[in-house]
Every structure is written in C-alpha cells, then in structure tokens.
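Everything on this sheet refers to the single structure shown next.
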Amino acid sequence: MTEPSGAAAKQELQDFLRTADRLTLDDRKLLVQQALLLIEQNYVHLPLKAAMHAVNPVQRLRLLAVRLNRQTPRTMGPEWRFHAEISEIFHSVRDLHTNYILPLPYAGKIAYLPYLIEEYYVGEERHYVVTRTVAGFSAPGFAPGVEVTHWNGIPIDRAVDINAARFAGSNPAARHARGLQSLTIRPLRLHVPPDETWVVLTYVGADGIRRELRESWRVDDNQPSFVDADQLSVAAVAQGLDLGADEIGRALKMLYIPEAVSTQEIVGGTELTAEPAAPGADIPTSMPGFFRAKSVDTPSGIFGHIRIFSFNVNDPDAFVGEFLRLVALLPQNGLIVDVRGNGGGHIHASEFLLQTLTPRPIVPEPTQFITSALNQRICKQHQENPTGQIDLGPWCPSMEQALEIGAVFSGSFPITPAGGANAIGQRYFGPVVLVTNALCYSATDIFAGGFQDHKIGPILGTDDNTGAGGANVWTHELLKVLLELPTPVPDNPYRPLPGQANMRVSVRRTLRVHELAGTPVEDLGVVPDFRHQMTRKDVLQDNADLLTRAGELLAGRPVRRLDVQVSGAAGELTLTTRLVDRADVYLDGRPVASVNVTREVTTVPVPGAGSAHVIRVEGFQDGDLVASRTLPH
4 MTEPSGAAAK QELQDFLRTA DRLTLDDRKL LVQQALLLIE QNYVHLPLKA
54 AMHAVNPVQR LRLLAVRLNR QTPRTMGPEW RFHAEISEIF HSVRDLHTNY
104 ILPLPYAGKI AYLPYLIEEY YVGEERHYVV TRTVAGFSAP GFAPGVEVTH
154 WNGIPIDRAV DINAARFAGS NPAARHARGL QSLTIRPLRL HVPPDETWVV
204 LTYVGADGIR RELRESWRVD DNQPSFVDAD QLSVAAVAQG LDLGADEIGR
254 ALKMLYIPEA VSTQEIVGGT ELTAEPAAPG ADIPTSMPGF FRAKSVDTPS
304 GIFGHIRIFS FNVNDPDAFV GEFLRLVALL PQNGLIVDVR GNGGGHIHAS
354 EFLLQTLTPR PIVPEPTQFI TSALNQRICK QHQENPTGQI DLGPWCPSME
404 QALEIGAVFS GSFPITPAGG ANAIGQRYFG PVVLVTNALC YSATDIFAGG
454 FQDHKIGPIL GTDDNTGAGG ANVWTHELLK VLLELPTPVP DNPYRPLPGQ
504 ANMRVSVRRT LRVHELAGTP VEDLGVVPDF RHQMTRKDVL QDNADLLTRA
554 GELLAGRPVR RLDVQVSGAA GELTLTTRLV DRADVYLDGR PVASVNVTRE
604 VTTVPVPGAG SAHVIRVEGF QDGDLVASRT LPH
C-alpha cells in the first residue's frame with residue numbers, strides 16, 4: 004500500500020461516527036409515523052412507483068413501526084442501523100425528491116475521498132479516470148489522468164453498478180451516473196455513512212505501473228444552500244430540486260473550485276465587463292455559483308457556451324437578468340446551453356429562462372396533486388393566497404370533486420405564472436443547442452422538457468436521458484408551516500421532528516405540454532435528439548470533443564435578427580430584421596398591423612404605440628413564426 008501525503012482532513016469518518024448516536028426510541032417512532040403520513044397522504048408518485056418498481060413503502064414503514072413498538076431502549080440497536088433502514092425505504096421508490104434527511108450530527112456534513120473519478124468511452128467500452136484531486140493531496144504516480152481499474156478489489160465498472168443499486172435513480176442511466184458520483188462524495192444528510200472506513204483504489208499511472216492507494220473517508224462541513232426550503236416563500240413552494248445533486252455541487256466547488264464558492268446568491272462588487280471575452284476566456288459573473296460563460300472556438304466556428312450549474316435561487320428575475328447579460332457578451336451566431344449535473348431548484352427560474360431563446364409563447368408545465376383528505380386540507384387553507392406566498396385556489400375545485408368521484412389526481416395547473424414566463428420574450432436570435440446528462444433533474448428536467456416541447460433547438464445528451472425528476476417537492480417542515488399559516492389549524496398532523504431531522508416529498512407531479520401534453524416527466528425524463536459519448540479528451544480537456552459536436556449541430560443554422568425601436572409621438576416602429584419576410588404588431592395583446600418585410604430596415608406606422616404598455620412584434624418566414632420581440636413599457 005502507498006501512504007499518501009498532503010493536507011490533513013478536518014475529521015476522519017470513524018472519528019465522526021463516535022458522536023452520531025443521539026435519537027431515543029420515541030424519536031425513532033415519531034420519525035416513522037411522520038414518514039408514513041407523507042408517503043400515504045402527500046406522495047404524488049405513489050401509484051406510479053408501485054407499478055413501475057414493484058415497491059410498497061407504506062407497508063415497509065408499517066412493519067418498521069411494529070418492530071419499533073416491540074423494542075426497548077436497551078434492545079433498539081445502533082442508530083446507524085435505523086437510519087439505514089428508513090433511508091432504504093425512501094430510496095426504494097427511486098425518487099430523488101422524496102428523501103429522509105438525517106438529523107444532527109449528519110446534517111450539513113459531507114463525506115468524501117480526496118479525488119474525483121469520471122468515465123469516458125472508447126467505442127462502447129467504459130473507462131474510468133481520475134480527473135481532479137483536492138489541493139495539497141499527493142501520492143506516488145497518482146494525478147489527474149490515471150486510469151482506475153479496481154475499487155476495493157472489485158472491477159471498477161462492477162463496483163459502480165453495485166453502488167448504483169443503493170441509491171435512488173429513476174432510470175438505468177440516472178442510477179449509473181449517481182452510482183459513479185457517490186463513489187467519492189456523499190452528503191451525509193441524505194446518505195448513511197459509507198460502510199467502509201477506507202477505500203483501496205487500484206490504478207495505472209502514466210508510467211504504466213499498477214499501484215494501490217489506500218485512503219480513508221473524510222468528513223467536513225458543506226457549504227450551505229442559498230434557499231431555505233423550510234420557510235414559507237415563493238422559492239420554497241416552487242422547489243424542484245434534487246437535494247443530493249445540489250449538496251454535491253456545492254461540495255465539489257468547495258473541494259475543487261474554491262474560487263467559485265460564494266456565501267451570497269449575488270456577489271456584489273464583482274468586476275464585471277461590457278466587453279465580449281476572447282475565445283476560451285470566462286466572462287466575469289455576479290453569480291459564480293450558477294453560471295460560467297465563455298466563447299469557444301470549434302472546427303465549425305466560434306460559439307457561445309454558458310454552463311448553468313443550478314436553478315436553486317431565491318430571485319428568478321435576477322437569475323434571468325444575469326443570464327441575459329452574459330449571453331449578450333457571447334457570439335450571437337450560436338449558443339450552447341449546458342445544464343449537465345444541474346439538479347434543479349426554483350421552477351420559475353427554469354421556465355422563465357425559456358422565453359429568452361424562442362419566439363413561441365411559453366406554456367408552463369401543469370402540475371397535479373394526488374387526491375387525499377390531507378392535501379385537500381392544505382389546498383383549502385391557501386385557497387385565496389392569504390400569505391401572499393402560495394395560491395392553491397386553482398386546485399381546490401378539482402380536489403373536492405376528485406374525492407367525491409374517486410379520481411386519483413387533481414386537475415392540472417402550472418406552478419409558474421404564464422405572465423412571468425412570457426414577460427420578457429425572445430432575446431437571443433441565433434440557433435441554440437442544449438447539452439444534458441443523466442444528472443439533470445427536477446427543474447432542469449422541466450427546463451429540458453420545455454426546450455424540447457417548444458422546439459427551441461436540438462438536445463445533445465451525454466446519456467440516454469435526463470434524470471427524470473418530474474415534481475414539485477416540499478419539505479416536512481414546510482408542510483407543517485402551511486397548516487400553521489395564516490392561523491394554525493386544529494390537530495395539525497405534522498409534528499416537529501427530533502434532532503433537526505427532516506423529510507421531503509414529491510407533492511405535485513409535472514406534465515409535458517404541446518405534442519406530449521399530459522405525459523409525466525417522472526421516471527421518463529427527456530430523451531435527447533442526439534447522443535455524445537464522453538471521451539478521454541472531454542473529461543481531461545474541458546469537454547473539447549463535446550463542444551466540437553455541439554458546434555457541428557449549430558453550424559449552418561439560421562441566425563435571425565428582429566430589433567424594434569419606437570419613435571415619434573404618433574407611434575412609429577422601426578424594424579431591423581434578418582431572415583424575416585413578414586412582421587405582425589400587437590399592442591397590449593391586440594393585433595394592429597401586419598407588413599411584408601422586403602429590406603433590412605422597415606418603418607411601420609402604428610398609432611398608439613407610444614402609449615401602449617406592451618408592444619410585441621412577431622417575425623415570420625414562409626408562414627412560420629421565427630422571431631419575436633417584446634417591449635414592455
């Protein structure tokens with residue numbers, strides 16, 4: 004064995020676990036009772052999961068409750084075993100929205116090994132390679148680029164599959180991706196600690212010598228989330244988030260990209276620029292936790308590339324505003340929007356962003372509750388939006404009717420307001436390609452589904468589909484708060500949980516729109532139009548081959564233009580266009596003019612344009628809507 008040298012971990016796993024036995028038997032009974040309440044009364048995907056995965060989490064929780072009633076404080080066994088069993092029940096439904104969140108001291112902690120492993124393909128054969136190491140860590144012959152062959156003596160591909168079976172994932176691609184990711188990093192609030200105290204990694208270095216590295220699991224504090232999902236707010240009730248991916252994303256930045264770590268959602272004082280960046284150079288952003296933007300030089304041309312790491316923001320309007328600022332500094336002849344590894348967040352943020360890339364009006368995805376007396380009670384409490392944070396009025400009539408006629412689900416209504424999803428309109432007029440993988444989840448699934456449903460452009464996937472998270476997720480604490488505000492209801496069934504434990508549940512399922520109207524996102528995900536298998540060059544040289552493939556999809560696609568200026572007291576519009584042969588003008592939603600466009604600059608007299616609240620101009624080519632511009636006053 005080779006003993007590495009480097010910076011000491013804050014705490015090794017075995018030392019951390021000595022402090023982790025705090026729950027009483029009554030605490031355990033309460034946790035199981037509350038989990039049963041959520042799964043039976045709130046969990047919108049229960050019929051789907053029972054059918055697709057042949058599981059019965061309700062019965063398993065009941066059996067666990069029976070066993071706990073037979074135990075005493077002396078015979079109840081170690082706490083880790085209880086956490087493992089209840090976590091396994093939650094994992095059985097393969098839903099990354101529906102989680103048991105471990106109490107202190109696990110909450111806020113991350114377990115990790117001091118290196119990152121990614122996969123690439125040679126033909127159809129998977130290979131595994133170390134791509135990053137933490138600062139200060141070193142071992143003989145060990146560095147980014149070494150090939151990994153075995154994990155604790157198990158061939159690495161088999162070890163990933165074994166690990167994948169332990170963690171939730173709605174489809175084979177998602178399970179495999181999470182199995183690989185969790186080999187080296189695990190949020191302890193969602194995953195029980197690793198069984199092994201240390202890992203023996205077998206690898207082949209650049210010198211061709213096979214070596215073994217024995218390294219202990221380490222435990223450290225993770226960076227906190229920007230969004231408090233337990234307090235009643237628009238951001239909390241519009242959550243569409245894979246909490247595990249969000250935790251891991253913050254931990255990866257802390258461990259490997261510390262310069263991108265921020266304690267604030269929007270970083271003030273950042274030195275921004277109005278100048279486009281040179282190819283390959285990052286454009287400074289006020290939201291480094293969410294965006295990375297640069298132009299990339301590919302064999303097909305120079306295009307814009309913007310990485311969206313997360314939608315988990317409090318202010319979706321500021322999020323969209325920063326996206327637009329960055330995109331304006333990128334080449335306008337083609338844009339690569341890259342959402343790989345994005346676990347979602349604020350559903351409004353994801354659906355607000357779509358409008359900026361397409362001339363078509365955005366139809367937000369509708370959502371449904373499962374019908375239960377408790378869900379009806381919650382909807383009735385917030386039927387008239389008494390707190391100003393959540394309006395459940397649209398779902399109330401169908402919930403009441405569904406309980407009467409035996410319907411499984413309520414009516415379907417969007418979480419994202421249609422007005423907000425169309426307030427800005429199109430801002431980018433070049434072609435767009437979306438890059439996805441199996442770690443895209445929740446609000447990112449919604450974004451990818453909307454991208455495809457509204458025919459914005461091709462989707463290039465590095466996996467067969469996205470992670471397939473189709474729901475709005477609420478925490479147990481938020482559900483409790485919803486029955487306490489604006490005034491507490493009698494006999495609130497949600498009880499305070501011990502030790503800062505928590506739970507989350509998929510509460511409203513999302514459905515696709517347009518050609519796939521009514522199709523659920525959960526378990527199905529979004530299938531890309533084109534597939535790219537990651538290469539060694541991709542994982543070690545900043546996605547070089549992936550960006551080349553994206554550039555090929557952008558090359559030769561039309562780059563349009565539709566600029567609108569209002570001038571004159573009487574109201575006159577000056578249109579500057581490219582690849583547009585007709586323009587229709589609307590004032591405050593009413594059609595007022597339609598002109599043929601035969602040159603680059605066209606003047607259109609539009610009485611009343613100067614006093615209109617919203618001017619919308621739609622551009623057509625051969626009868627197809629190809630560009631639009633919205634000017635709110």
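Here our numbering = 1-based position in the sequence shown + 3. Beta carbons: idealized from backbone N, C-alpha and C, even for Gly.
Q. P389 to G396, Cα distance in whole Å?
A. P389 and G396 have their C-alpha atoms roughly 11 angstroms apart.
Taking only three categories from DSSP, how would you classify I159?
In the three-state reduction of the DSSP assignment, I159 falls in the helix class.
How long is the line joining the alpha carbons of I311 and R343, rounded to whole angstroms? Roughly 8 angstroms between the two C-alpha positions.
If you run the structure through DSSP and keep just helix, strand and coil, what is R512?
Reduced to three states, the DSSP call for R512 is strand.
Q.
In this structure, how does DSSP classify V323 when only helix, strand and coil are distinguished?
A. If DSSP states are grouped into helix, strand and coil, V323 belongs with the helices.
| For N166, which of helix, strand or coil comes out of DSSP? | In the three-state reduction of the DSSP assignment, N166 falls in the helix class.
- So, helix, strand or coil for L453, using DSSP? A small fix is needed here, since residue 453 is Gly in this sequence, not Leu. It is helical.
**Report entry** Through-space distance from R564 to T601, alpha-carbon basis
**Finding:** Whole-angstrom Cα-Cα distance: 14 angstroms.
Assuming H130 and E150 make a contact with CB atoms under 8 angstroms, what is their CB distance in whole Å? The pair is a contact, with the Cβ atoms about 6 angstroms apart (cut-off 8 angstroms).
Residue of L485, V524, N495 minimising C-alpha distance to A639
The first residue shown for the chain is 4 and the last is 636, placing residue 639 beyond what the model contains.
Using only alpha-carbon positions, find the residue among V620, T577, G613, R585 that is nearest to P594. The shortest C-alpha separation from P594 is found at V620.
| field | Spatial distance of K32 from A68 (CA atoms) | value | Whole-angstrom Cα-Cα distance: 6 angstroms.
message = Applying the 10 Å Cβ sphere with the 16-neighbour rule, what's the burial state of L275?
response = It is exposed - the Cβ of L275 has fewer than 16 other Cβ atoms within 10 Å.
For F306, the residue or residues it bridges with in DSSP = The partner list for F306 (beta bridge, DSSP) reads V299.
Grab me the residues of F314's own chain with a C-beta within less than 6 angstroms of its C-beta, minus the 5 sequence neighbours each way, in chain order.
Beyond the five residues adjoining it in sequence on each side, F314 comes within less than 6 angstroms, by CB distance, of G347, G348, H349, A352, S353, A446 in the same chain, given in chain order.
Compare the beta carbon distance of G335 and G428 with 8 angstroms and say whether it is the shorter of the two. The question names Gly, yet the displayed sequence has Gln at residue 335. No, the pair does not count as a contact, with Cβ atoms beyond the cut-off.
Worksheet item: S185: buried (16+ other C-beta within 10 angstroms of its C-beta) or exposed?
Response: S185 counts as buried, since at least 16 other C-beta atoms from the protein chains shown sit within 10 angstroms of its C-beta.
- Message: Count Cβ pairs between the stretch 112-127 and the stretch 214-224 that sit closer than 8 angstroms; are there 3 or more?
- Response: In this structure the stretch 112-127 touches the stretch 214-224; the number of beta carbon pairs closer than 8 angstroms is three or more.
Exercise for review: Measure the C-alpha to C-alpha separation of V166 and K297 and round it to an integer number of angstroms.
Suggested key: A small fix is needed here, since residue 166 is Asn in this sequence, not Val. Answer to the nearest angstrom: the Cα atoms are 35 angstroms apart.
Consult DSSP for T655 and reduce its assignment to one of helix, strand or coil.
A query on residue 655 cannot be resolved here, the shown segment of the chain reaching from 4 to 636 and no further.
*Determine the DSSP secondary structure at A114, reduced to helix, strand or coil.*
DSSP places A114 within a strand segment (E or B) once states are collapsed to three.
Residue from G283, Q226, L235 whose Cα sits closest to the Cα of A263: The residue with the shortest Cα to Cα distance from A263 is Q226.
If I'm right that H616 touches Q37 with Cβ under 8 angstroms, what's the distance once you round it to whole angstroms? Not really, about 48 angstroms apart at Cβ, beyond 8 angstroms.
Kindly identify the DSSP beta-bridge partner or partners of T579.
Secondary-structure assignment with DSSP links T579 through a beta bridge to D566, V604.
Next on the checklist: Using the three-state DSSP reduction, which class does H48 fall into: helix, strand or coil?
Outcome noted: Coil.
- Task: Figure out for me which residue from P261, L406, Y431 has the closest Cα to the Cα of L329.
- Result: Here the closest residue by C-alpha is Y431.
Practice prompt. Under the assumption that H100 contacts R507 (Cβ atoms under 8 angstroms), give the Cβ distance between them as a whole number of angstroms.
Written response: Sure, about 6 angstroms apart at Cβ, within 8 angstroms.
*Going by beta carbon distance, what residues of the same chain come within less than 7 angstroms of M4, once the five residues before and after it are set aside?*
Its pLDDT being 40, under 50, M4 is placed unreliably in this model, and the value from its coordinates should be taken loosely. The residues are E215, R217.
Exercise. Between R363 and the ligand MN, is the CB less than 7 angstroms from at least one heavy atom?
Worked result: The ligand MN is not part of the structure shown, which contains no ligands of any sort.
Counting only runs of 4+ residues fully inside the stretch 307-384, write out the alpha helix (DSSP H) ranges in chain order. Secondary structure remark: continuous alpha helix (DSSP H) runs of at least 4 residues inside the stretch 307-384, in chain order: 319-331, 350-357, 376-384.
Which residues share a DSSP beta bridge with M506? Answer is Y103, bridged to M506.
Spatially closest choice to Q379 from N45, N505, T580, H535, by CA coordinates: It is N45 whose Cα lies nearest to the Cα of Q379.
DSSP beta-bridge partners of H616
None; H616 has no bridge partner.
Next item on the list: Assign E407 to one of two classes, buried (16 or more other C-beta atoms within 10 Å of its C-beta) or exposed (fewer than that).
Entry: Label assigned to E407: exposed.
Item to check | G247 beta carbon less than 8 angstroms from that of L193 | outcome: Contact: yes.
key: Assigned secondary structure, L590 (DSSP; H/G/I helix, E/B strand, else coil)   = The answer is strand: DSSP assigns L590 an E or B state.
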